[in-house]
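**Student:** Last residue of the sequence shown: 599 in the numbering used here, with the numbers rising by one and none dropped.
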Amino acid sequence: MKKLILLIVLASLSFQWSAAQDSSRVLGLSDFLNIVRAFHPLGKQANLRIEYGEQNLKANRGAFDPYVYGDLYQKYFDDKQYYDLLNAGMKIPTWFGIEIDAGYEQSDGNFVNPQRGTPANGLVYAGISIPIGQDLFIDQRRADLRKAQVYQEITKAEQQILLNDLFKDAISAYWEWVGAARKYTIYQEGKALALTRYRAITRAAMIGESPAIDTLEAYIEYQNRTISLQDAVLDYRNANAQLEVFLWNQDGIPLELSVNVSPPQTDDFDSSLDVNLMRKHLDSLLSNHPKMAKNELYLDQLNIQRKLDLERLKPKFDLKYNAINEPLNGDIVQGYSMNNYNWGVSFKMPIFLRKERGQLQKTNIHIMEQQYANDQMVRTIGLNVNAALNIWETTQEQLSGYSTIVKSTNRLLQAEQQKFEAGESSLFLVNSREWSYINTQVKFVDLLMKSQKAFMNIEYQLGRLE
134 MKKLILLIVL
144 ASLSFQWSAA
154 QDSSRVLGLS
164 DFLNIVRAFH
174 PLGKQANLRI
184 EYGEQNLKAN
194 RGAFDPYVYG
204 DLYQKYFDDK
214 QYYDLLNAGM
224 KIPTWFGIEI
234 DAGYEQSDGN
244 FVNPQRGTPA
254 NGLVYAGISI
264 PIGQDLFIDQ
274 RRADLRKAQV
284 YQEITKAEQQ
294 ILLNDLFKDA
304 ISAYWEWVGA
314 ARKYTIYQEG
324 KALALTRYRA
334 ITRAAMIGES
344 PAIDTLEAYI
354 EYQNRTISLQ
364 DAVLDYRNAN
374 AQLEVFLWNQ
384 DGIPLELSVN
394 VSPPQTDDFD
404 SSLDVNLMRK
414 HLDSLLSNHP
424 KMAKNELYLD
434 QLNIQRKLDL
444 ERLKPKFDLK
454 YNAINEPLNG
464 DIVQGYSMNN
474 YNWGVSFKMP
484 IFLRKERGQL
494 QKTNIHIMEQ
504 QYANDQMVRT
514 IGLNVNAALN
524 IWETTQEQLS
534 GYSTIVKSTN
544 RLLQAEQQKF
554 EAGESSLFLV
564 NSREWSYINT
574 QVKFVDLLMK
584 SQKAFMNIEY
594 QLGRLE
């Protein structure tokens with residue numbers, strides 16, 4: 134599949150020109166996440182969970198849709214019409230368990246059961262069916278609809294969980310890319326310095342102002358930094374490839390990073406938080422975690438099932454009443470009398486209720502299992518959040534101290550260079566100071582990226598990456 138260039142997408146997302154690099158566009162974290170959210174397949178999959186929940190709710194609401202029915206039975210034998218039975222109508226289920234029924238029936242023939250007999254014009258009927266015992270407060274239809282309503286909320290939590298996991302991986306890849314780019318720049322500058330020094334010392338040695346052996350040392354240093362830069366280039370390319378995993382366009386085509394796209398150059402990232410305040414309100418933060426919300430919603434579904442199971446312990450006792458009338462000249466109301474009706478009751482109850490009692494106990498066990506799982510999840514998430522906060526606090530302290538080390542190492546390097554220029558130091562010491570400065574810069578970048586990942590991990594553990 135032919136890949137497109139990410140620069141096309143970036144141009145449409147109102148990116149700012151980089152002040153540090155001409156003809157280069159900066160890919161900020163928010164812009165990167167906007168692309169991931171809008172176009173990544175897993176982001177689209179997360180959106181499908183919401184749509185699935187909506188369609189599932191619609192399907193269960195369909196159980197309350199009015200429906201029409203009709204039956205026609207005829208029998209002919211030995212040139213005789215035994216019977217011709219017609220029954221057609223419409224039923225309207227209601228939320229309260231009452232079912233409204235209206236229709237028309239007609240029977241004819243030589244051998245019609247008297248119970249099915251009707252006048253020549255047939256009979257119209259309208260009535261209701263009411264559950265008095267079982268299914269009065271809740272039935273399978275209402276339970277399924279309530280579960281579907283809860284499930285719709287579950288899909289929202291599932292969407293957030295999917296996005297939380299996706300953004301964790303995406304943000305981690307982003308900071309790896311930023312760190313690799315920073316280290317590439319550091320090693321590139323280090324190689325350039327070594328090359329400049331090698332050329333200068335070579336010229337000085339040619340005119341006798343510098344020992345010839347210094348050219349060998351300068352050359353070795355240049356080669357060492359070339360190898361270090363090659364490693365940095367490899368790391369940057371690999372980080373690029375990992376970042377491209379999360380870059381897609383609206384047509385589902387994977388994108389490539391343009392060579393003109395670069396990470397931000399600032400060290401001032403938005404990652405401030407009040408650790409003490411977060412620890413103080415940790416319980417409320419955990420209650421909003423999508424995994425906790427999902428588990429609580431599962432409990433809601435189980436409690437709905439438990440209500441239905443309790444309802445099944447009641448005897449089934451249904452009452453049905455129909456007003457009937459013979460239509461005259463097409464008028465279904467003319468001649469109606471309150472004395473024309475049919476009604477009936479039906480009763481059913483198992484003697485031992487083993488199936489019903491067993492189902493209730495199974496549901497109770499599922500509820501206890503879910504409660505135990507919730508307790509464990511609260512504990513696990515709480516520990517993970519505290520661990521993430523500890524890591525972030527430590528990295529902030531390390532960054533604060535290490536920024537001073539970077540500045541101090543740079544001052545030592547500048548002092549060593551001045552001594553070397555005055556003839557009071559050696560090339561070996563200058564190279565050593567320079568390597569020390571390069572390594573402290575690389576270490577600072579590692580700490581900075583570690584800090585950003587730690588901040589991201591706090592949001593991830595709280596389920597807030599979306």
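Just so you know, even glycine gets a beta-carbon here, dropped at the ideal spot from N, CA and C.
Does residue 291 pass the burial test, meaning 16 or more other C-beta atoms within 10 Å, or should it be called exposed?
**Tutor:** Taking the first residue of the sequence shown as position 1, residue 291 is located at position 158. Buried, because 16 or more other Cβ atoms sit within 10 Å of the Cβ of residue 291.
**Student:** Can you check the region 443-488 for any beta strand (DSSP E) of at least 3 residues that lies completely inside it and give the ranges in chain order?
**Tutor:** List check, beta strand (DSSP E) in window: 449-458, 474-481.
**Student:** Could you say if the region 419-431 and the region 204-219 meet the contact criterion of at least three C-beta pairs nearer than 8 Å?
**Tutor:** No, they do not touch.
**Student:** Run through DSSP, which three-state label would residue 228 get?
**Tutor:** Walking along the sequence shown from the start, residue 228 turns up at place 95. DSSP places residue 228 in coil when its eight states are reduced to three.
**Student:** Counting along the chain, where does the alpha helix (DSSP H) carrying residue 262 start and finish?
**Tutor:** Residue 262 sits at position 129 when you count from the first residue of the sequence shown. Premise fails: residue 262 lies in the beta strand (DSSP E), 256-264, not in any alpha helix (DSSP H).
**Student:** From residue 246 to residue 240, what distance separates their C-alpha atoms?
**Tutor:** Reading the sequence shown from its first residue, position 113 is the one you call residue 246. Reading the sequence shown from its first residue, position 107 is the one you call residue 240. For residue 246 and residue 240, the distance between alpha carbons rounds to 9 Å.
**Student:** So, at 7 Å on beta carbons, what are the nonlocal neighbours of residue 154 in its own chain, with the 5 sequence-adjacent residues on each side left out?
**Tutor:** Start at 1 with the first residue of the sequence shown, and residue 154 comes out as number 21. Caution is warranted here: a pLDDT of 41 is assigned to residue 154, below 50, making its placement in the model unreliable, and no coordinate value can be reported.
**Student:** State yes or no: is the C-beta of residue 376 within less than 8 Å of the C-beta of residue 390?
**Tutor:** On the sequence shown, residue 376 is found 243 positions in, with the first residue counted as 1. On the sequence shown, residue 390 is found 257 positions in, with the first residue counted as 1. Cβ atoms of residue 376 and residue 390: closer than 8 Å.
**Student:** Are the beta-carbon atoms belonging to residue 224 and residue 185 less than 8 Å from one another?
**Tutor:** In the sequence shown, the residue the question calls residue 224 occupies position 91. In the sequence shown, the residue the question calls residue 185 occupies position 52. Cβ distance not < 8 Å, so residue 224 and residue 185 don't count as in contact.
**Student:** Within the same chain, show all residues whose beta-carbon is closer than 8 Å to that of residue 331, passing over the 5 residues directly before and after it, in chain order.
**Tutor:** Start at 1 with the first residue of the sequence shown, and residue 331 comes out as number 198. Cβ within range, chain order: 348, 351, 352, 354, 355.
**Student:** What separation, rounded to the nearest whole angstrom, lies between the Cα atoms of residue 561 and residue 367?
**Tutor:** For the purposes of this step, residue 561 is taken as the residue at position 428 of the sequence shown. For the purposes of this step, residue 367 is taken as the residue at position 234 of the sequence shown. Spanning the two alpha carbons is a distance of roughly 28 Å.
**Student:** Under the three-state reduction of DSSP, which class applies to residue 175: helix, strand or coil?
**Tutor:** On the sequence shown, position 42 is the one that residue 175 refers to. Three-state DSSP puts residue 175 in a helix.
**Student:** Do residue 473 and residue 456 have their C-beta atoms within less than 8 Å of each other?
**Tutor:** Numbered from 1 along the sequence shown, position 340 holds the residue referred to as residue 473. Numbered from 1 along the sequence shown, position 323 holds the residue referred to as residue 456. Their beta carbons are under 8 Å apart, which means residue 473 touches residue 456 by this criterion.
**Student:** Check whether the region 165-176 touches the region 185-194, counting contact only when three or more Cβ pairs, one atom from each stretch, lie closer than 8 Å.
**Tutor:** The region 165-176, when compared against the region 185-194, does not touch it at the 8 Å Cβ threshold.
**Student:** Quick one: grab the DSSP three-state call for residue 387.
**Tutor:** Locating residue 387 in the sequence shown gives position 254, counting from the first residue. Of the three classes helix, strand and coil, the one that applies to residue 387 here is strand, per DSSP.
**Student:** Could you check which residue in 412, 413, 306 has the C-alpha nearest to that of residue 161?
**Tutor:** By one-based count along the sequence shown, residue 161 stands at place 28. With distances taken between Cα atoms, residue 161 lies closest to 306.
**Student:** At the level of alpha carbons, what is the spacing between residue 416 and residue 594?
**Tutor:** Taking the first residue of the sequence shown as position 1, residue 416 is located at position 283. Taking the first residue of the sequence shown as position 1, residue 594 is located at position 461. Each residue's Cα considered, the two are about 13 Å apart.
**Student:** Counting only beta-carbon separations shorter than 8 Å, does residue 387 have a partner in chain C?
**Tutor:** Absent from the structure: chain C. Only one protein chain is present.
**Student:** Nearest CA to the CA of residue 385: which residue from 178, 158, 597?
**Tutor:** Locating residue 385 in the sequence shown gives position 252, where the first residue counts as 1. Ranking 178, 158, 597 by Cα distance to residue 385 puts 178 first.
**Student:** Taking the alpha-carbon of residue 570 as reference, which of 230, 371, 217, 320 has the nearest alpha-carbon?
**Tutor:** Position 437 of the sequence shown, counted from the start, is the residue given in the question as residue 570. Nearest option by C-alpha distance: 320.
**Student:** Count Cβ pairs between the region 270-285 and the region 434-446 that sit closer than 8 Å; are there 3 or more?
**Tutor:** With the cut-off at 8 Å, the region 270-285 and the region 434-446 touch.
**Student:** For residue 226, I'd like the list of residues in its chain whose CB is within less than 6 Å of its CB, leaving aside the five on either flank, ordered along the chain.
**Tutor:** The residue given as residue 226 occupies position 93 in the sequence shown. Excluding positions up to five away in sequence, the list reads 197, 232.
**Student:** Cα-Cα, which of 248, 230, 257 is closest to residue 238?
**Tutor:** In the sequence shown, the residue the question calls residue 238 occupies position 105. Nearest option by C-alpha distance: 257.
**Student:** Just tell me which of 311, 369, 262 has its CA closest to the CA of residue 475.
**Tutor:** By 1-based counting over the sequence shown, the position of residue 475 is 342. That would be 262, whose Cα lies nearest to the Cα of residue 475.
**Student:** Considering residue 204, what are the terminal residues of the beta strand (DSSP E) in which it resides?
**Tutor:** By one-based count along the sequence shown, residue 204 stands at place 71. From DSSP, the beta strand (DSSP E) with residue 204 extends over 200-210.
**Student:** Rounded to whole angstroms, what's the CA-CA distance from residue 450 to residue 486? Just pull it up for me.
**Tutor:** Along the sequence shown, read from residue 1 onward, the residue named residue 450 stands at position 317. Along the sequence shown, read from residue 1 onward, the residue named residue 486 stands at position 353. When rounded, the distance between both Cα atoms is 16 Å.
**Student:** Report the rounded CA-to-CA distance for residue 215 versus residue 255, giving the unit in angstroms.
**Tutor:** On the sequence shown, residue 215 is found 82 positions in, with the first residue counted as 1. On the sequence shown, residue 255 is found 122 positions in, with the first residue counted as 1. Using only the alpha carbons, I get a separation of about 17 Å.
**Student:** For residue 249, I'd like the list of residues in its chain whose CB is within less than 7 Å of its CB, leaving aside the five on either flank, ordered along the chain.
**Tutor:** Position 116 of the sequence shown holds residue 249. 218, 240, listed in sequence order.
**Student:** Roughly how many whole angstroms lie between the Cα atoms of residue 495 and residue 429?
**Tutor:** By one-based count along the sequence shown, residue 495 stands at place 362. By one-based count along the sequence shown, residue 429 stands at place 296. So the alpha carbons of these two residues sit roughly 18 Å apart.
**Student:** For residue 283, does the three-state DSSP call read helix, strand or coil?
**Tutor:** For the purposes of this step, residue 283 is identified with residue 150 of the sequence shown, where counting begins at 1. The answer is helix: DSSP assigns residue 283 an H, G or I state.
**Student:** My guess is that residue 521 and residue 590 are in contact by the Cβ rule of under 8 Å, so how many angstroms apart are they, rounded?
**Tutor:** Along the sequence shown, read from residue 1 onward, the residue named residue 521 stands at position 388. Along the sequence shown, read from residue 1 onward, the residue named residue 590 stands at position 457. The Cβ separation is near 5 Å, so the contact holds.
**Student:** With 16 other CB atoms within 10 Å as the buried threshold, where does residue 379 fall?
**Tutor:** As a first step, residue 379 must be located in the sequence shown, where it is residue number 246. Under this definition residue 379 is a buried residue.
**Student:** Between which two residues does the alpha helix (DSSP H) carrying residue 361 extend?
**Tutor:** Taking the sequence shown and counting its residues from 1, one reaches residue 361 at position 228. Note, residue 361: alpha helix (DSSP H), 345-377.
**Student:** Look at residue 419 and residue 503 and say whether their C-beta atoms are less than 8 Å apart.
**Tutor:** Within the sequence shown, the letter at position 286 stands for residue 419. Within the sequence shown, the letter at position 370 stands for residue 503. Against a cut-off of 8 Å, the Cβ pair of residue 503 and residue 419 comes out as no contact.
**Student:** For a quick check, are the C-beta atoms of residue 323 and residue 567 less than 8 Å apart?
**Tutor:** As a working note, residue 323 is residue 190 in the sequence shown. As a working note, residue 567 is residue 434 in the sequence shown. Their beta carbons are under 8 Å apart, which means residue 323 touches residue 567 by this criterion.
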